[in-house]
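Participant: Just so you know, the sequences run in chain order A and B.
In terms of my numbering, the first sequence opens at residue 127 and continues consecutively.
In terms of my numbering, the second sequence opens at residue 127 and continues consecutively.
We treat Cβ as the ideally placed atom computed from N, Cα and C, and that holds for glycine.
I'd like to ask some things about the structure below.
Number of protein chains: 2
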Amino acid sequence: MASRPKATILDIAREAGVSKSTVSLVLQGSGLIRPETALKVRKAIEDVGYVYNRGAANLRKAHSNVIGMVINDLTNPFFAEMAVGMERVFQSAGIVPFIANTAENPVRQEEVLKSLMEQGVAGLIVSPARGTTSGAFRRIETAGLPIVFTMRRLPESRIPVIAPDNHRGAWLATAHLVGKGHRRLAFFGGSSDLVVYHERLGGFREACEALGIPKRDTLVVEGETSRKGGIACLETALAMADPPTAALCFNDAVAFGVMLALRKRGLEPGADFAVVGFDDVIEAQHYMPALTSVAVDSAGLGERAAHVMLKMIQSRTTRAEDHIGAVNLVVRDSCGPDRREGMGDAA
Amino acid sequence: MASRPKATILDIAREAGVSKSTVSLVLQGSGLIRPETALKVRKAIEDVGYVYNRGAANLRKAHSNVIGMVINDLTNPFFAEMAVGMERVFQSAGIVPFIANTAENPVRQEEVLKSLMEQGVAGLIVSPARGTTSGAFRRIETAGLPIVFTMRRLPESRIPVIAPDNHRGAWLATAHLVGKGHRRLAFFGGSSDLVVYHERLGGFREACEALGIPKRDTLVVEGETSRKGGIACLETALAMADPPTAALCFNDAVAFGVMLALRKRGLEPGADFAVVGFDDVIEAQHYMPALTSVAVDSAGLGERAAHVMLKMIQSRTTRAEDHIGAVNLVVRDSCGPDRREGMGDAA
DNA sequence: TTGATTTATTGGAACGTTCCATTTATACGC
DNA sequence: GCGTATAAATGGAACGTTCCAATAAATCAA
Chain A
127 MASRPKATIL DIAREAGVSK STVSLVLQGS GLIRPETALK VRKAIEDVGY
177 VYNRGAANLR KAHSNVIGMV INDLTNPFFA EMAVGMERVF QSAGIVPFIA
227 NTAENPVRQE EVLKSLMEQG VAGLIVSPAR GTTSGAFRRI ETAGLPIVFT
277 MRRLPESRIP VIAPDNHRGA WLATAHLVGK GHRRLAFFGG SSDLVVYHER
327 LGGFREACEA LGIPKRDTLV VEGETSRKGG IACLETALAM ADPPTAALCF
377 NDAVAFGVML ALRKRGLEPG ADFAVVGFDD VIEAQHYMPA LTSVAVDSAG
427 LGERAAHVML KMIQSRTTRA EDHIGAVNLV VRDSCGPDRR EGMGDAA
Chain B
127 MASRPKATIL DIAREAGVSK STVSLVLQGS GLIRPETALK VRKAIEDVGY
177 VYNRGAANLR KAHSNVIGMV INDLTNPFFA EMAVGMERVF QSAGIVPFIA
227 NTAENPVRQE EVLKSLMEQG VAGLIVSPAR GTTSGAFRRI ETAGLPIVFT
277 MRRLPESRIP VIAPDNHRGA WLATAHLVGK GHRRLAFFGG SSDLVVYHER
327 LGGFREACEA LGIPKRDTLV VEGETSRKGG IACLETALAM ADPPTAALCF
377 NDAVAFGVML ALRKRGLEPG ADFAVVGFDD VIEAQHYMPA LTSVAVDSAG
427 LGERAAHVML KMIQSRTTRA EDHIGAVNLV VRDSCGPDRR EGMGDAA
């Protein structure tokens, strides 16, 4: 039990019969030390059960090897994938990423950011919680700490952003629906406090306009970005006088909800009502029918964000270019009426 | 950009015209300071853009406020839920949990653990990666650092474990299948290098024996714990001479795979072949048909683990009781009665 | 007034590293 | 033998906090 006073390099030095400086050198893998001395020291390290105190070291070095990843919702596989993409990159760069979850709570986010800064991280990658104000990052900016946003952008902030091309994704999806012959379209889910929402909705609107769908034949229903939200959106839409025949959903979760609600009403998703999702999470391909969705490559964006961060740290700057990731529409079986267009991977 | 030499309490002291000790006291919210002095100091803190250096503080205090959560697979919603449950508890205790993902890689796990220790965490909650040897935790134990395992247990380790009652869960599920009239049962997925596997398989076996299913009428197919693994298991099983009519799956992912594979063969999950999952992830209720599964309350187990950890830290011990969480079978639509005729049209 | 008591504030020594400037030991050329 | 270069190891001052012991200022009892 009695956690003994932990060993320091001085204990190692005594054990090995050298000076603390020598131990320090060995710890850093310096070539200045005679191999046999290094060996002796390493043995002593093992013997005394030494664990390196990075806090003490950083006091002198002022250059830590940890970066913080602040994620708005870890239980969403979409963001989890992104986080894992980042991890891959950091790991091979010898950097340890610590992940913190904010659960879409700006207050929690503030705490987490504070904590990470106090811990002396070398940089921060943040997927901001809903409702974040740009003031939340003022301290970080004035501290000159490298920071990048992923997936979400804040209204008027100069912090670099790595995000998918939401506008184009929505455009493609809308065009697909129009191409299938649909003339009354809906946009389901999401709420206007998110910039992403405006980007996607903007793509939808512009596509409609460009393809000759009059605005009065489009319907926009805000709602939770979850299955439940999707169910609600569909109910609302079908209760209207001249209901839409197809919907672009803010994300896949909403799309799943819409499909469930359709089934519940005895309607067949795809055949009776076309549905397109956004994000293309893994489950999309496993649904019945398989969901047509806009793929954004979250893991790839995560990797990209990590690379940008590494470069910022390396070049000691807090500035970087935005990066808008390519998207592509993955056509499956959820947009009738033409079944022939479905991909072969239907199961 | 030139990140200015960061402010320290000395800068604050100068700014506010007090001593560094006074600043330190204010920082710790000591009541010994005259309110107006405290106010002056707080203003200075704001002015110089100070950020607390926890590393330096820990050098003296030797009692950090961060604990590490090491998770084997963050992209699995099951584990993500658990992590979030822990977070909730720690947050309200003023402790900051840092999450690290090991991606089921013992080498990565070792690195992550090392890093966390160097960072000076107050404790560790670990969901061990597959293939972890108990030697990986020797250093942590000798350091006297509180540690608990969640979900998975290591063969011969004295580290406390918080896990669901796998044995009983499997028992319940098996009994349910037998109750539906099935007489040839399979256990799908998982591999024997996981203790959990033996626990669940053990429950299955004992239930079969207790309920009069002879061992020769049971089939065990190891496999990846993923959809792909489930697909493979089903293929293997149906290729046998006298195939089973029902399966208990190692986890829900495997079950989903089994259901997909059934569909691909023109068989209806539930009606033609009964499937039970394990873990009861959120998607289980949204599948078609909805999956009958053993619910383990991952978030609840996470919370429990966090509480145990808090108590260990508080009482300065590295010992704690195991905690086996209750499970219950959630019956949905994936287990019809045995109607073997349906199997005939397979292939 | 004086000394004792309470209330606020402070200097200085740690904590465990790194790294610069030295020292010591070893080898070399002549 | 000398001086010089090279290699290996070292002492000590920092880094930014905390906290103890000490001081200074204010209050009080007599």
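Using the beta-carbon count (16 or more within 10 Å), is residue 136 of chain B buried or exposed?
Facilitator: Counting Cβ neighbours within 10 Å, residue 136 of chain B comes out exposed, since fewer than 16 surround it.
Participant: Quick one: which residues of the stretch 219–249 of chain B get their C-beta closer than 9 Å to a C-beta of chain A? List them in chain order.
Facilitator: Flagged, chain order: 222, 223, 224, 225, 226, 227, 229, 234, 237, 238, 240, 241, 242, 243, 244, 245 and 246.
Participant: Closest Cβ-Cβ distance between residue 456 of chain A and chain B: below 7 Å?
Facilitator: Output row for residue 456 of chain A: interface = no.
Participant: In whole angstroms, what is the alpha-carbon distance linking residue 461 of chain B and residue 371 of chain A?
Facilitator: Those two C-alpha atoms are separated by around 35 Å.
Participant: Where does residue 144 of chain B fall in DSSP's three states?
Facilitator: Here residue 144 of chain B sits in coil by DSSP.
Participant: Inspect the beta-carbon positions of residue 194 of chain A and residue 271 of chain A and report whether they are closer than 7 Å.
Facilitator: Result no, Cβ atoms of residue 194 of chain A and residue 271 of chain A do not sit closer than 7 Å.
Participant: In chain order, what residues of the stretch 386–418 of chain A put their CB closer than 9 Å to some CB of chain B?
Facilitator: Against chain B - using a Cβ distance shorter than 9 Å - the residues of the stretch 386–418 of chain A are 386, 389, 408, 409, 412, 413 and 414.
Participant: According to DSSP, simplified to helix, strand and coil, what is residue 454 of chain A?
Facilitator: In this structure, residue 454 of chain A counts as strand in the three-state DSSP scheme.
Participant: Just checking, does the stretch 197–213 of chain A make contact with the stretch 170–184 of chain A on the three C-beta pairs under 8 Å criterion?
Facilitator: Cβ pair count under 8 Å is below three, so no.
Participant: Which of the three DSSP states is assigned to residue 221 of chain B in this structure?
Facilitator: Coil, per DSSP.
Participant: Around the Cβ of residue 131 of chain A, are there at least 16 other Cβ atoms within 10 angstroms (buried) or fewer (exposed)?
Facilitator: So residue 131 of chain A counts as exposed.
Participant: Under 7 Å, do residue 286 of chain B and residue 446 of chain B count as touching if we go by C-beta distance?
Facilitator: Yes, they are a contact pair.
Participant: Could you tell me whether any Cβ in chain A is nearer than 7 Å to the Cβ of residue 203 of chain B?
Facilitator: Answer yes: the Cβ-Cβ gap between residue 203 of chain B and chain A drops below 7 Å somewhere.
Participant: For the stretch 355–389 of chain A, list every residue whose C-beta sits within 8 Å of some C-beta in chain B, in sequence order.
Facilitator: Going along the stretch 355–389 of chain A in chain order, one finds 382, 386 and 389 with a Cβ nearer than 8 Å to chain B.
Participant: Select from A:265, A:295 and A:219 the residue whose C-alpha is nearest the C-alpha of residue 432 of chain A.
Facilitator: The candidate whose alpha carbon is nearest that of residue 432 of chain A is A:219.
Participant: Interface residues of chain B around residue 181 of chain A at Cβ under 8 Å?
Facilitator: Within 8 Å Cβ-Cβ: 180, 181, 182, 184, 185, 245 and 246.
Participant: Going by the CB atoms, is the gap between residue 215 of chain A and residue 228 of chain A shorter than 7 Å?
Facilitator: Taking 7 Å as the Cβ cut-off, residue 228 of chain A and residue 215 of chain A do not qualify as a contacting pair.
Participant: Please list, in chain order, the residues of the stretch 263–279 of chain B that have any C-beta partner in chain A closer than 8 Å.
Facilitator: Taking 8 Å as the Cβ-Cβ cut-off against chain A, the residues of the stretch 263–279 of chain B that qualify are 265, 268, 269, 270 and 271.
Participant: If you draw a straight line from the C-alpha of residue 439 of chain B to the C-alpha of residue 231 of chain A, how long is it?
Facilitator: So the alpha carbons of these two residues sit roughly 27 Å apart.
Participant: Of the choices B:354, B:390, B:463 and B:343, whose alpha-carbon is the least far from that of residue 123 of chain B?
Facilitator: No answer is possible for residue 123 of chain B: the residues shown for chain B start at 127 and end at 473.
Participant: Among A:333, A:308 and A:273, which one has its Cα closest to the Cα of residue 369 of chain A?
Facilitator: Minimum Cα distance to residue 369 of chain A is reached at A:308.
Participant: Leaving aside the five residues before and after residue 257 of chain A along the sequence, list all residues of the same chain whose C-beta is less than 7 Å from its C-beta, in chain order.
Facilitator: These residues qualify, in order along the chain: 232 and 319.
Participant: What's the C-alpha gap between residue 148 of chain A and residue 411 of chain A?
Facilitator: Roughly 58 Å between the two C-alpha positions.
Participant: To which residues of the same chain is residue 290 of chain A closer than 6 Å at the C-beta, ignoring the five residues directly before and after it?
Facilitator: Cβ within range, chain order: 422, 451 and 453.
Participant: Distance check for residue 346 of chain B and residue 374 of chain A, CA to CA, integer angstroms please.
Facilitator: Roughly 44 Å between the two C-alpha positions.
Participant: Suppose contacts are defined by Cβ-Cβ distances below 7 Å. Is residue 174 of chain B in contact with residue 133 of chain B by that definition?
Facilitator: Yes, the Cβ-Cβ distance between residue 174 of chain B and residue 133 of chain B is below 7 Å.
Participant: So what's residue 128 of chain A in DSSP terms, helix, strand or just coil?
Facilitator: With a pLDDT of 45 at residue 128 of chain A, under the threshold of 50, the modelled position of that residue is not reliable, and the figure given next carries that caveat. Looking at residue 128 of chain A - three-state DSSP - the assignment turns out to be coil, as it is neither helix nor strand.
Participant: Check whether chain B comes within 7 Å of residue 446 of chain A, counting only Cβ atoms and requiring the distance to be less than that.
Facilitator: No, because no Cβ of chain B sits closer than 7 Å to the Cβ of residue 446 of chain A.
Participant: Just list the residues that DSSP pairs residue 195 of chain A with in beta bridges.
Facilitator: Per DSSP, A:225 and A:251.
Participant: DSSP has residue 311 of chain B in a bridge; who is on the other side?
Facilitator: B:344 and B:372.
Participant: Run through DSSP, which three-state label would residue 167 of chain A get?
Facilitator: If DSSP states are grouped into helix, strand and coil, residue 167 of chain A belongs with the helices.
Participant: Would you mind telling me which residues of chain A sit closer than 8 Å to residue 175 of chain B, beta carbon to beta carbon, in chain order?
Facilitator: Correct list: 265, 268 and 269.
Participant: Closer than 8 Å by C-beta to residue 316 of chain B: which residues in its own chain qualify, once you throw out the five before and the five after it? Chain order, please.
Facilitator: Hits under 8 Å: 322, 323, 326, 327, 348, 349, 351, 376, 377 and 380.
Participant: Assign residue 435 of chain A to one of two classes, buried (16 or more other C-beta atoms within 10 Å of its C-beta) or exposed (fewer than that).
Facilitator: Classification of residue 435 of chain A: buried, given that the 10 Å Cβ count is 16 or more.
Participant: Counting only the same chain and skipping the five closest in sequence on each side, list residues whose C-beta sits under 8 Å from that of residue 236 of chain A.
Facilitator: Closer than 8 Å at the Cβ level, and outside the excluded window around residue 236 of chain A, lie 262.
Participant: When burial is assigned at 16 or more other CB atoms within 10 Å of the CB, is residue 406 of chain B buried or exposed?
Facilitator: With 16 or more other Cβ atoms within 10 Å, it is buried.
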